[in-house]
């Protein structure tokens with residue numbers, strides 16, 4: 015895929031985003047507020063996933079491990 019096609023594809027995706035969210039109807043200052051809010055929410059979700067998902071996976075793994083035979087050896091030692 016060359017640069018021109020990639021640029022056109024990204025522009026097409028942005029147009030689809032504007033159509034889905036109806037942000038093409040907004041005034042420029044409304045778009046700034048809308049996009050700022052959306053980007054802030056996206057970063058908060060990604061940060062939360064980065065911090066808490068590994069902890070929950072580790073806890074779930076330890077919980078499942080205690081029911082297996084391998085887990086019994088881990089707790090004995």
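Numbering (this note's numbering), first residue to last: 15 to 91.
Glycine residues also receive a C-beta, built at the ideal position from the N, C-alpha and C atoms.
Length of the line joining the Cα atoms of residue 57 and residue 31: 18 Å
Cβ pair residue 37, residue 48 closer than 7 Å: yes
Residue interval of the alpha helix (DSSP H) (run including residue 33): 17-35
Alpha-carbon spacing of residue 79 relative to residue 21, whole angstroms: 48 Å
Rounded straight-line distance, which links the Cα of residue 60 to that of residue 41: 28 Å
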